[in-house]
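Top to bottom, those sequences are chains P and D.
Taken in order, the first sequence gives residues 40 to 393; the numbers are from the numbering used here.
Taken in order, the second sequence gives residues 9 to 88; the numbers are from the numbering used here.
Heads up: the structure comes next, in structure tokens.
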Amino acid sequence: MNVSLHHPQAKTLTVAVTGLNANDNPGPGLAVIRALREGFGENLRIIGLAYETLEPAIYLKDMVNKTYRIPYPTAGIEALSERIRQIQVEEHIDVLIPNFDAELYNFIKLEQDLLKQGIHTFLPSHKQLAQRDKVSLKAFCDAFNFDVPEDEAIFSETDIHDLGDRFGYPLMIKGKFYEAYTVQNLSDAHKAFHKLHAKWGLPVIVQKFIKGTEINIAALGDGKGNTLSVIPMRKLYITDKGKAWAGITIENDKLIDLARSFAKATHWKGGFELEVIMDGGKFFIIEVNPRFPAWVYLTAAAGQNQPKALVDLALGNTVEEFKSYQTGKMFVRYAMDNIVDVGDFQKLSAFGEL
Amino acid sequence: MKLKANIATSENGFIFNPATGDSFISNPIAAEILALMKTGEDEQGIKRKILDQYEVEGHQLDRDWDDYMFQLKEANLLDL
Numbered sequence: 040m041n042v043s044l045h046h047p048q049a050k051t052l053t054v055a056v057t058g059l060n061a062n063d064n065p066g067p068g069l070a071v072i073r074a075l076r077e078g079f080g081e082n083l084r085i086i087g088l089a090y091e092t093l094e095p096a097i098y099l100k101d102m103v104n105k106t107y108r109i110p111y112p113t114a115g116i117e118a119l120s121e122r123i124r125q126i127q128v129e130e131h132i133d134v135l136i137p138n139f140d141a142e143l144y145n146f147i148k149l150e151q152d153l154l155k156q157g158i159h160t161f162l163p164s165h166k167q168l169a170q171r172d173k174v175s176l177k178a179f180c181d182a183f184n185f186d187v188p189e190d191e192a193i194f195s196e197t198d199i200h201d202l203g204d205r206f207g208y209p210l211m212i213k214g215k216f217y218e219a220y221t222v223q224n225l226s227d228a229h230k231a232f233h234k235l236h237a238k239w240g241l242p243v244i245v246q247k248f249i250k251g252t253e254i255n256i257a258a259l260g261d262g263k264g265n266t267l268s269v270i271p272m273r274k275l276y277i278t279d280k281g282k283a284w285a286g287i288t289i290e291n292d293k294l295i296d297l298a299r300s301f302a303k304a305t306h307w308k309g310g311f312e313l314e315v316i317m318d319g320g321k322f323f324i325i326e327v328n329p330r331f332p333a334w335v336y337l338t339a340a341a342g343q344n345q346p347k348a349l350v351d352l353a354l355g356n357t358v359e360e361f362k363s364y365q366t367g368k369m370f371v372r373y374a375m376d377n378i379v380d381v382g383d384f385q386k387l388s389a390f391g392e393l
Numbered sequence: 009m010k011l012k013a014n015i016a017t018s019e020n021g022f023i024f025n026p027a028t029g030d031s032f033i034s035n036p037i038a039a040e041i042l043a044l045m046k047t048g049e050d051e052q053g054i055k056r057k058i059l060d061q062y063e064v065e066g067h068q069l070d071r072d073w074d075d076y077m078f079q080l081k082e083a084n085l086l087d088l
């Protein structure tokens, strides 16, 4: 059971959310918003923070009350800080939930500055962020006895040849922040390296391929070593980008223990996702995402509304550990053509808000 | 041979393993056997009921039984 002190119902709770790119490589923003709307009901105002004008959730008026464009992470902390200050004058944001890996560094840096403006967050530290980074994952998992596939961070394509011999094919070639390709030979490995290098920079990570069942775990850590919520999900339909298009909650104590052990080892604060391959009785962690996953609405549907719990934690409300959830709860994602007036698009493009 | 305690089955033959997320569809006779297994009926008892209800030779039932148990084992549904 989740017992929490709700924000006073008379006052509207304003939550700002990034990750509105509900496309075939979706950001978690829309799923987070759906969970918050379900959890908080009427007195909730959602402010979308978007990087691009065609992020689909911007135009879902029943989900997002107002959207502002914010500068890309590469523009730096000052630019982001200045933009948030402008938005805060208008919107009086209570809680901000960043949903992209690449923006987290800046938001963590701004944590105290945001709080002074009345904007609460519930974020991991820079140290925690670095520990689970793809480049450091193997060393981290080895240190805490988590099973993890062998990997190597490379800065030159010439390293692929040796790693192909060492790990064997197929190989996983992964971008620094996002995207991964399964390649069957050296030629495809080179192509993947160049694509990921161009898009996300160096290093590129080469990881041994582990065959097995793909399981993802969405969880919420309280920052003190405790896990307040854990929902394991088996991917049922996987897109060509490796994303779950359908999935089902499963009941497996070992997976729940794995998430708990991770939060205990890191004292993780906030939402996180473990991507796991189940091979026989072993669970290999192939990635740790420092935020909620795009399928996080399933946690609310299964009885553990993680985004709502995170908002409560950010506001300093007591959140007790969830004890149960519904197994066999499925999500099946769909694509829909939302019809939008060009005026809305122009407004966002010209004035940076809609 | 016992089904794992957490395996969910339905009358129409749908089987769901909540530990792995695997799901299966079984034909009516297989669903009937599963339902009997879930009640705790042992192998001999189930076979007796099948022989009483259906026109099947004992040796044929034994072969089909072994085959079915092998499938359930492969699907990770049996408590071994």
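For glycine and all other residues, C-beta sits at the position ideal for the given N, C-alpha and C.
Quick caveat, the model's predicted, so the values are computed rather than measured.
Take the alpha-carbon of G391(P) and the one of F216(P): they are about 26 Å apart. Judged by DSSP secondary structure, G260(P) falls outside any alpha helix (DSSP H) and instead within the beta strand (DSSP E) spanning 252–261.
L387(P) has its alpha-carbon roughly 16 Å from the corresponding atom of I378(P). No Cβ of chain D is located within less than 8 Å of the beta carbon of I295(P). Note on F322(P): 16 or more other CB atoms within 10 angstroms of its CB, so buried under the neighbour-count rule. When only Cα atoms are considered, N356(P) and F79(P) end up about 14 Å apart. Contact between P346(P) and V71(P) holds: their C-beta atoms lie close to 5 Å from each other, under 8 Å. Every unbroken stretch of the beta strand (DSSP E) spanning 3 or more residues and falling wholly within the segment 50–80 of chain P is given here in chain order: 52–56. Here G310(P) carries a strand assignment [DSSP, helix/strand/coil]. Within 7 Å of the CB of R372(P), no CB atom of chain D is found; the nearest one sits about 16 Å away.
I116(P) is positioned such that its CB atom lies no closer than 8 Å to that of K166(P).
Taking the CA atoms as reference points, F24(D) sits about 8 Å from G367(P). Secondary structure within the segment 111–142 of chain P: the alpha helix (DSSP H) runs of 4 or more consecutive residues, fully enclosed, are 116–130 (chain order). Closest in C-alpha terms to G157(P), from the list R171(P), K177(P), I123(P), comes I123(P). Under DSSP, G87(P) forms a beta bridge with V56(P), T106(P).
Comparing C-alpha distances from N20(D) to each of L42(D), D60(D), N14(D), L11(D) shows the shortest one belongs to L42(D). Among the residues of chain D, those whose CB is under 8 Å from the CB of L275(P) are G29, following chain order. A straight-line Cα-Cα distance of about 10 Å links Y373(P) and A61(P). A direct Cα-to-Cα measurement between I193(P) and V245(P) gives close to 7 Å. For Y276(P), the enclosing beta strand (DSSP E) begins and ends at 266–277.
Contacts with chain P at 8 Å (Cβ-Cβ) do not include F32(D).
Under the Cβ distance rule, I287(P) counts among the residues neighbouring chain D, one pair being separated by less than 8 Å. The continuous alpha helix (DSSP H) containing Y336(P) extends over residues 336–340. Interface with chain D (8 Å Cβ-Cβ cutoff): E312(P) is excluded.
Judged by beta-carbon spacing, L349(P) lies beyond the 8 Å limit of V327(P), meaning their Cβ atoms are not closer than that value. Closest by C-alpha distance to K282(P), out of L59(P), L52(P), P65(P), is P65(P).
Counting only residues of its own chain and dropping the five nearest sequence neighbours on each side, A118(P) has a CB closer than 6 Å to the CB of P110. Taken through DSSP and simplified to helix, strand or coil, T28(D) comes out as coil.
Pairwise C-beta distances place the segment 204–211 of chain P in contact with the segment 246–255 of chain P, as three or more of them are shorter than 8 Å. Distance from the CA atom of T288(P) to the CA atom of Y336(P), rounded to whole angstroms, is 12 Å. Taking I85(P) as reference, the option from T51(P), F183(P), D63(P), R299(P) with the minimal CA-CA separation is T51(P). As a beta-bridge residue in DSSP terms, A283(P) pairs with I277(P). Residue pairing by DSSP places Y220(P) opposite I212(P) in a beta bridge. The C-alpha of L80(D) is placed about 49 Å away from the C-alpha of Y144(P). Taking a C-beta distance under 8 Å as the contact criterion, V187(P) and I324(P) qualify as a contact pair. Rounded to the nearest whole angstrom, the C-alpha separation of D190(P) and G319(P) is 21 Å.
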